[in-house]
Amino acid sequence: MERIRTLVNELRVNDENFAFEHVLNNLEDVIEKFGVKVFYSDMSGFPNPRKVSGYTRMAKNGQPEIVVNAKESEGRRRFTMAHELGHIIMHWGYPESKISKDQMTILYRQDSYYNHDLYEYEKEANEFAAQLLAPIDVIERVIVEPVSSFEEDQLDFLSSRIAESFNITKSFANVQLEKLRA
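Just so we're aligned, residue 19 is where the sequence shown starts under this note's numbering, counting upward by one.
Next comes the structure, spelled out in structure tokens:
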């Protein structure tokens, strides 16, 4: 996962649009300036719309587009955008390579758990999103003390504050804090 953190940090250095402040304040704008259009949908075209957070599709011009479930919370929508961008950059090689339709697969949340290769792609896209939205090194600098020194109620309060500050979900904040506990 260190490779992915390095990739995201290099992306920040090489493209000023990916500066942390821009990502925090307007992720959709950052993604669109990168050449990927973002759309919102209620996912009513799927058998179970609540199981689809988002997906990537290819426009007629060959450019990738991210479609996000509009019914989810803002924190979840931001994670989905960042996750899909991770797939686009890491697994499809955009912008250097054009995306082909055979690279496109829509997975329901549980599907990737049954296929090891897909599971790895999902883990990588999750780590890309994590480093883009709530970098471990930034969280570590902000909390000052080691995560292991906090009591459970303090951790709960801390995860709420991180979620609010980074505009992410509390469960995502907990995942990032757990990484620092290890």
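Yeah, the Cβ is synthetic: ideal placement off N, Cα and C, and Gly gets one too.
Could you tell me the distance, in whole angstroms, from the CA atom of residue i to the CA atom of residue j?
i: E169; j: K197; result: 16 Å
i: P82; j: S59; result: 16 Å
i: I84; j: S115; result: 17 Å
i: E28; j: E142; result: 16 Å
i: F175; j: I106; result: 34 Å
i: L173; j: V165; result: 8 Å
i: P113; j: N87; result: 24 Å
i: Q194; j: D33; result: 24 Å
i: D155; j: T24; result: 12 Å
i: F38; j: P153; result: 9 Å
i: M108; j: E138; result: 12 Å
i: P111; j: P65; result: The amino acid at residue 111 is misidentified as Pro; the sequence shows Gly. Using only the alpha carbons, I get a separation of about 30 Å.
i: D171; j: E158; result: 19 Å
i: S178; j: I161; result: 13 Å
i: E140; j: N44; result: 24 Å
i: Y73; j: I49; result: 14 Å
i: F53; j: I22; result: One point to set straight first is that residue 53 is Gly, not Phe, in the sequence displayed. Those two C-alpha atoms are separated by around 21 Å.
If I measure Cβ to Cβ from residue i and keep anything under 6 Å in the same chain, skipping five residues before and after, which residues do I get?
i: P67; result: M61
i: R95; result: V86
Quick check: residue i and residue j, are their CB atoms within less than 7 Å of each other?
i: V31; j: Q149; result: no
i: N35; j: K55; result: no
Using 10 angstroms around the beta-carbon of residue i, count the other beta-carbons present and answer buried if the total reaches 16, otherwise exposed.
i: E145; result: buried
i: S71; result: buried
i: S167; result: exposed
i: A77; result: exposed
i: F57; result: exposed
i: V41; result: buried
i: E20; result: exposed
i: S91; result: exposed
Can you list, in chain order, the residues of its chain whose CB lies under 7 Å from that of residue i, leaving out five sequence neighbours each side?
i: A147; result: F97, A100, H101 and G104
i: K6; result: Because residue 6 is not part of the residues shown, which for the chain are 19 to 200, the question remains open.
i: E163; result: none
i: R199; result: V165 and S166
Roughly how far, in whole angstroms, is the beta-carbon of residue i from the beta-carbon of residue j, given that I think they are within contact range, below 8 Å?
i: T187; j: G93; result: 4 Å
i: F184; j: L151; result: 6 Å
Can you give me the Cβ contacts of residue i inside the same chain, cut-off strictly under 8 Å, excluding the 5 residues immediately before and after it?
i: A181; result: G93, T187, K188, F190 and A191
i: E46; result: V56 and M99
With a threshold of 7 Å between beta-carbons, can residue i be considered close to chain B, or not?
i: V26; result: Absent here is chain B; the protein component of the structure consists of one chain.
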